[in-house]
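Each remark here refers to the structure printed beneath this line.
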Ligand code: AP5
Ligand code: MG
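Numbering (my numbering), first residue to last: 1 to 216.
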């Protein structure tokens, strides 16, 4: 199964991707996670990406398209994958189509997770992520049992650098201007499915799998 998850910052792409990879045993490919790892490792890619990410702007297309081109060649993508945070504008969506055409492996679905802007702000300011396993929590909606500690692996929880209110505002603006048009792009291609992103994480997950398994 080859899937794109679309949605504004905080819509729950990462949260749902983590559940989908368990169910389908396919990898989550998050350009945000790949870039954050490069920043943490201090690689040349990380150094280039950091200035854009800190401002809430998109990293240049040439960089992220290159990352995806290499990542999709890896063996674990043969059974499929979940793209989370890519494509982020129409140019990236077109580049992805070209890549998949040459691999003869088109996308099955683009799933848009829709959440109102007010809710997004609360989700992002409350988000905490495990340094060890990447599990996501929210201090308002789904706190860990023990403050600052991951329920799953005991790892330390951290707050993302770009989850500050002013950077969040910029990310939401960039989403509206550049990423929202990708929804129309996939609608025209006939592979777009939309799910409301409010309600419990499990309810949203069940809606997504009923689309994927053609029960919805
Ligand atoms: P990226 O890492 O992709 O961030 P984003 O799109 O801003 O999305 P988020 O990860 O913030 O949100 P999410 O939808 O994954 O939500 P989550 O599941 O965590 O990108 C970061 C930066 O990298 C970009 O700004 C850009 O600079 C760069 N970048 C990345 N990809 C790029 C690309 N392709 N091109 C150019 N630049 C790129 O959930 C959020 C919170 O809500 C969590 O606390 C969670 O627990 C909670 N939550 C989830 N679901 C629910 C629910 N149903 N109810 C209540 N709370 C919930
Ligand atoms: Mg994410």
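The beta-carbon is built from N, C-alpha and C at its ideal position, and this holds for glycine as well.
Assuming the contact rule is C-beta atoms closer than 8 Å, residue i and residue j should be a hit. Round their C-beta distance to whole Å, please.
| i | j | result |
| --- | --- | --- |
| residue 195 | residue 201 | Wrong, their Cβ atoms sit about 12 Å apart, outside the cutoff. |
| residue 92 | residue 65 | 6 Å |
When you compare each of the options to residue i by their alpha carbons, which one comes out closest?
| i | options | result |
| --- | --- | --- |
| residue 171 | 57, 38 and 37 | 57 |
| residue 111 | 122, 86, 135 and 131 | 86 |
| residue 53 | 71, 31, 72 and 24 | 31 |
| residue 211 | 63, 14, 100 and 109 | 109 |
| residue 141 | 149, 133 and 128 | 128 |
| residue 80 | 139, 20 and 55 | 20 |
| residue 158 | 1, 40 and 186 | 40 |
| residue 190 | 47, 106, 144 and 149 | 106 |
| residue 104 | 2, 151 and 23 | 2 |
| residue 154 | 134, 63 and 95 | 134 |
Less than 7 Å between the C-beta atoms of residue i and residue j, yes or no?
| i | j | result |
| --- | --- | --- |
| residue 147 | residue 131 | no |
| residue 97 | residue 17 | no |
| residue 115 | residue 197 | yes |
| residue 168 | residue 11 | no |
| residue 99 | residue 14 | no |
| residue 185 | residue 90 | yes |
| residue 26 | residue 67 | no |
| residue 151 | residue 143 | no |
Tell me residue i's beta-bridge partners as DSSP assigns them.
| i | result |
| --- | --- |
| residue 28 | 82 |
| residue 138 | 127 and 142 |
| residue 4 | 83 and 110 |
| residue 158 | 129 |
Inter-stretch contact at 8 Å, needing at least 3 Cβ pairs: the stretch 1 to 10 / the stretch 171 to 185: Flag = yes, the stretch 1 to 10 and the stretch 171 to 185 touch.
Cβ contact (3+ pairs, closer than 8 Å) linking the stretch 123 to 142 and the stretch 67 to 74: no
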